[in-house]
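J.: If you read the sequence shown in the UniProt record's numbering, its first letter stands for residue 1, the second for the next number, and so on. Where a beta carbon is used, it is the ideal one built from N, C-alpha and C, also for glycine. To start, I am sharing the structure in question, which I have written as structure tokens.
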Amino acid sequence: MIEHTYQLVFIGAALFLFAVFASIISRRLGAPLLLIFLLLGMLAGEDGIGGIRFDDIDTAFLIGNLALAIIIFDGGLGTRMDTFRSSLRPALSLATVGVFLTAGITGAAACYILDLPWQEGLLIGAIVGSTDAAAVFGLIKNAGLNLKDRTGATLEIESGSNDPMAIFLTITLVEALSSPAGLSGWLLVGELVKQMGLGLLFGVIGGYVIPAALRKVTLPVSLYPLMVFAAALTLFGGTSFSGGSGFLAIYIAGVMTGTTSFLYMNDIRRFHDGIAWLSQIGMFLMLGLLVTPSLLPPIIIPALIIAGILIFVARPLAVAVSLLPFRFPWRDQVFVSWCGLRGAVPIILALFPSLAGLENARTYFELVFFVVLTSLVIQGWTIAPMARWLKVDLPVALKLPSFKSTHLPSNPHKDLVVYQVVAGSSVIGKSIYQLVLPNSALVVALIRDEIPLNSKAENKLQESDQVVIVATTGIAEKLAELFSPTLSRMPSKLSSNFFGDFTIRPDSELGDLALLYNFDIPDELKHLTVGEHIKRKFRGRPVVGDALTFPQLKLTVKELKDGEISLIGLKLTPAP
Numbered sequence: 001m002i003e004h005t006y007q008l009v010f011i012g013a014a015l016f017l018f019a020v021f022a023s024i025i026s027r028r029l030g031a032p033l034l035l036i037f038l039l040l041g042m043l044a045g046e047d048g049i050g051g052i053r054f055d056d057i058d059t060a061f062l063i064g065n066l067a068l069a070i071i072i073f074d075g076g077l078g079t080r081m082d083t084f085r086s087s088l089r090p091a092l093s094l095a096t097v098g099v100f101l102t103a104g105i106t107g108a109a110a111c112y113i114l115d116l117p118w119q120e121g122l123l124i125g126a127i128v129g130s131t132d133a134a135a136v137f138g139l140i141k142n143a144g145l146n147l148k149d150r151t152g153a154t155l156e157i158e159s160g161s162n163d164p165m166a167i168f169l170t171i172t173l174v175e176a177l178s179s180p181a182g183l184s185g186w187l188l189v190g191e192l193v194k195q196m197g198l199g200l201l202f203g204v205i206g207g208y209v210i211p212a213a214l215r216k217v218t219l220p221v222s223l224y225p226l227m228v229f230a231a232a233l234t235l236f237g238g239t240s241f242s243g244g245s246g247f248l249a250i251y252i253a254g255v256m257t258g259t260t261s262f263l264y265m266n267d268i269r270r271f272h273d274g275i276a277w278l279s280q281i282g283m284f285l286m287l288g289l290l291v292t293p294s295l296l297p298p299i300i301i302p303a304l305i306i307a308g309i310l311i312f313v314a315r316p317l318a319v320a321v322s323l324l325p326f327r328f329p330w331r332d333q334v335f336v337s338w339c340g341l342r343g344a345v346p347i348i349l350a351l352f353p354s355l356a357g358l359e360n361a362r363t364y365f366e367l368v369f370f371v372v373l374t375s376l377v378i379q380g381w382t383i384a385p386m387a388r389w390l391k392v393d394l395p396v397a398l399k400l401p402s403f404k405s406t407h408l409p410s411n412p413h414k415d416l417v418v419y420q421v422v423a424g425s426s427v428i429g430k431s432i433y434q435l436v437l438p439n440s441a442l443v444v445a446l447i448r449d450e451i452p453l454n455s456k457a458e459n460k461l462q463e464s465d466q467v468v469i470v471a472t473t474g475i476a477e478k479l480a481e482l483f484s485p486t487l488s489r490m491p492s493k494l495s496s497n498f499f500g501d502f503t504i505r506p507d508s509e510l511g512d513l514a515l516l517y518n519f520d521i522p523d524e525l526k527h528l529t530v531g532e533h534i535k536r537k538f539r540g541r542p543v544v545g546d547a548l549t550f551p552q553l554k555l556t557v558k559e560l561k562d563g564e565i566s567l568i569g570l571k572l573t574p575a576p
């Protein structure tokens, strides 16, 4: 018994170690990291070289739910509140209407292809209805993409909030299939209101209680992350036990906790990032062990067809309908459609039929597993080239440099922030006395090669210097703009390829441009400024990278200041 225990410890730890090093292979091949984890689990399984037999559905369900809760909470912690506000409505439309439409279209296809009753077909559609946040953002980060704000924020919130709808639909359909009387329409509506309502209520309560506890309770530094971790899982379990959506509750609480001003918040985020990675690795290895590859061949053809309909029909239609009121540019819509990767949630949801003792439960699981595998291979391997082809990937030089901040123990309303001077920054060559800072910010140190320097005028800032600033809480990101590369210092090829060779002001009139470049526009547009026209086209919320095309030229938003367009790139296009 003792030897068997140590053997399990050795095998489990070795698998985790292989999974960690697999990230290097994933980065070099451009493959989805979660796909690598799944394949490792399959190799270790009963049909692989490991020969490990694992078919404990109850244990898999428990581990899977805990792992998903941890991953979703970590996603909420990393969501910026300004991102949450700017893209909340379109993301919620995708997370509700989008999931419902995706499930309906895919379910109808499954009914026809597999010759199933409509309830069972819809169950398959519901199981594969939600996207995977970990898969999407892991790929985007590994590829070094710098997405347009509108696109990235919408995907971020949708991926973190669309699981509750898929879980609700799956549980409801499983209950309908396992109950002789079925479920009426009114009961379905009542169940939806109950799950979403309780999830929202408990999430908001948790979002107030957890930050309040952080501020009032005095603990050793290393225990604050553990306290948040335990509180989040308590919230998840309590909400689920009460009949609400625990996943929705834990995501909302994560968002509200992540925006809290607290001295050790960076430590809490780093801890939860690590736990989220541990959860992803463990969950996907376990799911790989759970599948038996030798049983997959009979369902490969129908699974490929269903996956094709999901990727190329259901998801694009659902995105188009969900984003219709928000007038998303077509390029953004196509990219959001292509980022509908399926991952851990569908595989975990595919265990529900087995837990309920439904007939054909094993077939559901194998089918969903292969659909997820197909999605990770087709969509996962092509996200980076798709972003560049659709031009939703901004030049990396426009991205704000990273910084580290912490609250001053003596003043919770002040942050100590460390910025690094990056190549192309306009502050290079200036002394710290020449930095234009708000009254609420003060430079306290300049560090070069890990050595603090005296704050003298002759000490000119150089690339890789670190500037330490004390500033009012909440303005750290705004101050980062000082140290970011300026458009004028961007590589000329990078700038001209994306924005064009010329820059114009937003108050330039369209009529003057039409006259200068010899193209026609309607009379009602001639007296509009370029900035006004772009704001109208993008519903008053343009972002850097938004573009309008005319017969002879292309206008691209190049710079925003306080939400208003300040510079527009002009790129000449060949005449027809």
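1. Note down, in chain order, each residue of its chain lying with its Cβ closer than 7 Å to the Cβ of residue 14, except the 5 sequence neighbours on either side.
2. Kindly indicate which three-state DSSP category residue 18 falls into: helix, strand or coil?
3. Extract the residue ranges of the beta strand (DSSP E) inside the region 378–442, only unbroken runs of 3 or more that lie entirely within it.
4. Which of the three DSSP states is assigned to residue 565 in this structure?
5. Flag this pair as yes or no: are the beta carbons of residue 276 and residue 203 separated by less than 8 Å?
6. Please determine, among 171, 207, 206, the residue with the shortest C-alpha to C-alpha distance to residue 192.
7. Once you ignore the five residues that flank residue 379 on each side, which residues in its own chain have a CB closer than 8 Å to its CB?
8. Is it right to say residue 79 is buried, meaning 16 or more other beta carbons lie within 10 angstroms of its own, or is it exposed?
9. Is it buried or exposed, residue 370, if we count other Cβ atoms within 10 angstroms and call 16 or more buried?
10. Since residue 444 and residue 418 are thought to touch, with beta carbons under 8 Å apart, how far apart are those beta carbons, to the nearest angstrom?
11. Do the CB positions of residue 40 and residue 22 come within less than 8 Å of each other?
12. For residue 452, which residues does DSSP report across the bridge?
13. Between the C-alpha atoms of residue 494 and residue 354, what's the straight-line distance to the nearest angstrom?
14. Residue 302 and residue 113 look like a contact to me (Cβ under 8 Å); what is the Cβ gap, rounded to whole Å?
15. Just curious, the beta strand (DSSP E) that residue 547 is in, first and last residue?
16. What's the call for residue 363, buried or exposed, on a 16-neighbour Cβ count within 10 Å?
17. Nearest to residue 507 by alpha carbon, out of 247, 464, 535, 89?
18. Looking at the unbroken alpha helix (DSSP H) that takes in residue 228, where does it start and where does it end?
19. Ends of the alpha helix (DSSP H) at residue 320?
20. Classify residue 3: buried if its beta carbon has 16 or more other beta carbons within 10 angstroms, exposed otherwise.
21. Looking at C-alpha atoms only, which residue of 150, 291, 165, 210 is the closest neighbour of residue 56?
22. Would a C-beta distance cut-off of 8 Å place residue 335 and residue 390 closer than the cut-off?
23. Comparing alpha-carbon positions, which option in 215, 147, 527 lies nearest residue 257?
24. Determine the direct distance from the alpha carbon of residue 572 to that of residue 553, and round the result to whole angstroms.
25. What do you get for residue 429, buried or exposed, if any count of 16 or more other CB atoms within 10 angstroms of its CB means buried?
26. Would you list the residues sitting across from residue 45 in a DSSP beta bridge?
27. Taking the straight line between their C-alpha atoms, what separation do you get for residue 316 and residue 558?
T.: The answer reads as follows:
1. Excluding sequence neighbours, residue 14 sits near nothing in its chain.
2. Reduced to three states, the DSSP call for residue 18 is helix.
3. Taking 3 residues as the shortest admissible run, the region 378–442 contains the following complete beta strand (DSSP E) segments, listed from N- to C-terminal end: 403–408, 411–420.
4. Secondary structure at residue 565: strand, using DSSP grouped into helix, strand and coil.
5. Against a cut-off of 8 Å, the Cβ pair of residue 203 and residue 276 comes out as no contact.
6. Measuring C-alpha to C-alpha distances from residue 192 to each of 171, 207, 206 identifies 171 as the nearest.
7. Cβ neighbours of residue 379 beyond the five flanking positions: 311, 338, 339, 340, 341.
8. Buried, since its Cβ has 16 or more Cβ neighbours within 10 Å.
9. By the 10 Å Cβ count, residue 370 comes out buried.
10. By a beta-carbon distance limit of 8 Å, residue 444 does not contact residue 418. Their separation comes to about 10 Å.
11. Yes, the pair counts as a contact, with Cβ atoms nearer than the cut-off.
12. Per DSSP, 447.
13. Note that residue 494 has pLDDT 48, beneath the 50 cutoff, so the model's placement of it is unreliable and no number is given.
14. Contact flag correct, Cβ pair sits at about 5 Å.
15. Under the DSSP assignment, residue 547 falls in the beta strand (DSSP E) whose first and last residues are 547–549.
16. Buried, by the Cβ-count rule.
17. The residue with the shortest Cα to Cα distance from residue 507 is 535.
18. For residue 228, the enclosing alpha helix (DSSP H) begins and ends at 223–241.
19. Here the alpha helix (DSSP H) through residue 320 covers 315–322.
20. Burial is judged here by how many other beta carbons sit within 10 angstroms of a residue's own beta carbon; residue 3 has fewer than 16 and is exposed.
21. For residue 56, the closest C-alpha among the options 150, 291, 165, 210 is that of 291.
22. Yes, these two residues count as a Cβ contact at 8 Å.
23. For residue 257, the closest C-alpha among the options 215, 147, 527 is that of 215.
24. Going by C-alpha positions, residue 553 is about 4 Å away from residue 572.
25. Residue 429 counts as exposed, since fewer than 16 other beta carbons sit within 10 angstroms of its beta carbon.
26. In the DSSP output, where bridge partners are listed per residue, residue 45 has 52.
27. If I take the Cα positions, the gap works out to 29 Å.
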